[in-house]
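Sequential numbering of the sequence shown, starting at 16, is according to the numbering used here. Idealized CB from N, CA, C, for every residue including glycine. From a predicted model like this one, the values you see are computed outputs, not experimental measurements. See below for the structure under consideration.
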Amino acid sequence: MIQTLIILSIDAMILYMMVPFILTRICGLGVLSKGKVAKGIAFTFDDGPDPCYTPELLDLLQEHEVKATFFVLGSKAEKNPELIQRMYLEGHQIGIHNYIHKSNWILSPWRSRREQADRTADIVESITGERPTYYRPPWGLLNLGDLLLMRKSYRIVLWSVMVGDWKPSVSSEQLKRSLLKRIKPGSIVVLHDSGDTLGADEGAPRHMITGLKEVLKSIHRKGFDCLRADELLDKGAEGKVRGARCVAAAWRLSNPSNDGWSLTVHEEKNIVYLASNHRFSQRQSATGNLKNRQEDFSS
Ligand SMILES: [Zn+2]
């Protein structure tokens, strides 16, 4: 009886953890880990925002005019809303990396979606007015239910280049060499702007920023274009996403009182659309020609 229970438990674990691992991490099914834009690459930063390292990283990206994607933890976004606001205003993409850095393997599909991803999306949306639609699970690990539930609301982004920047043994020089060797057109690079998660070294982001500084100089010389993950993954979406964001920003500026309105940009597959906080959503195939509507649909 006990033996049967053990065998059943192992089978359940394999189904819940290993099947999604094989499908996503080995076969790349249901997740995005490489872009389609020629000469385009995307730098992504996980585990922040961190009050010590993230401002320094944002300064570096600004200096090199690089747009990136930050997969943030909701608990840290709550504590550092000014950093989320700064990322947003400086044109970076904000994605979700759970509320706390917990593996989805030890969470039910409902908890990983509602208590981790959705909760973090609510926090980011309350700070920026724009709901994140890209998700990266901690350690890139999904459970079986995530394959169905998480993908209904979010695009799941993993990576194609990982160089162990969280380890104390990896120096900034080694990081630089590994990155320059491995970055190819379409690469999605994962780095970390916080060192306080399980298995990471607290001072590691210092090496990462020092190494990245040198990498950015070379990357520009090689003619690579550093894009946000959404721009890299949706070939041709770059202008449309930026266009929609401009419309939303202009709306907010021209309607300071709002009258209960606010417009936010949403993306779903190849559709970019604006939505208000009333019972109204206007969808349009992503032509970049998004129109403002001023009727009140709340009644
Ligand atoms: Zn992480």
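Are the stretch 159 to 170 and the stretch 113 to 133 in contact at 8 Å, needing three or more beta carbon pairs?
Output reads yes: the stretch 113 to 133 touches the stretch 159 to 170.
Whole beta strand (DSSP E) runs in the stretch 175 to 237 with 3 or more residues, listed along the chain?
Whole beta strand (DSSP E) segments, 3+ residues: 203 to 207.
Does DSSP put residue 139 in a helix, in a strand, or in coil?
Residue state, collapsed to three classes: helix.
Residue 26 (DSSP reduced to helix, strand or coil)
Assigned with DSSP and collapsed to three states, residue 26 falls in helix.
Which residues in the same chain have their Cβ closer than 6 Å to the Cβ of residue 243, if we skip the five residues on either side of it in sequence?
Within the same chain, Cβ atoms closer than 6 Å to the Cβ of residue 243 are found at 82, 84 and 108, the five residues on either side in sequence being excluded.
DSSP three-state label for residue 49, please.
In the three-state scheme derived from DSSP, where H, G and I count as helix and E and B as strand, residue 49 is classed as strand.
Top-ranked residue by Cα proximity to residue 77, from 102, 92 and 187
Nearest C-alpha to residue 77 among 102, 92 and 187: 102.
Nearest to residue 132 (by Cα), restricted to the options 97, 105 and 90
Selected option, being the one with the closest Cα: 90.
Excluding the 5 residues preceding and the 5 following residue 320 in the sequence, name in chain order all residues of the same chain whose CB lies nearer than 6 Å to its CB.
Because the chain here runs from 16 to 314, residue 320 falls outside it and cannot be looked at.
Is it true that the stretch 35 to 49 meets the stretch 224 to 233, where meeting means three or more beta-carbon pairs spaced less than 8 Å apart?
With the cut-off at 8 Å, the stretch 35 to 49 and the stretch 224 to 233 do not touch.
Straight-line CA distance for residue 96 to residue 208?
If you take the alpha carbons of residue 96 and residue 208, they lie about 16 Å apart.
Taking the alpha-carbon of residue 61 as reference, which of 237, 150, 193 and 245 has the nearest alpha-carbon?
The residue with the shortest Cα to Cα distance from residue 61 is 150.
Compute every distance between the C-beta of residue 153 and the non-hydrogen atoms of ligand 1, then say whether any falls below 6 Å.
Yes - ligand 1 has a heavy atom lying nearer than 6 Å to the Cβ of residue 153.
Closest to residue 46 by C-alpha separation, out of 21, 119 and 169, would be which residue?
Residue 169 holds the alpha-carbon nearest to the alpha-carbon of residue 46 among 21, 119 and 169.
When the Cα atoms are used, what is the spatial distance from residue 139 to residue 22?
In this model, residue 139 and residue 22 are separated by some 42 Å (Cα to Cα).
C-alpha gap between residue 159 and residue 202, whole angstroms:
If you draw a straight line from the Cα of residue 159 to the Cα of residue 202, it is about 26 Å long.
If you follow the beta strand (DSSP E) that residue 108 is part of, which residue opens it and which one closes it?
For residue 108, the enclosing beta strand (DSSP E) starts and ends at 108 to 111.
Among 176, 142, 216 and 104, nearest to residue 185 - alpha-carbon criterion
Among 176, 142, 216 and 104, the Cα nearest to that of residue 185 is on 216.
Beta carbon of residue 68 nearer than 7 Å to that of residue 220:
Residue 68 places its beta carbon less than 7 Å from that of residue 220.
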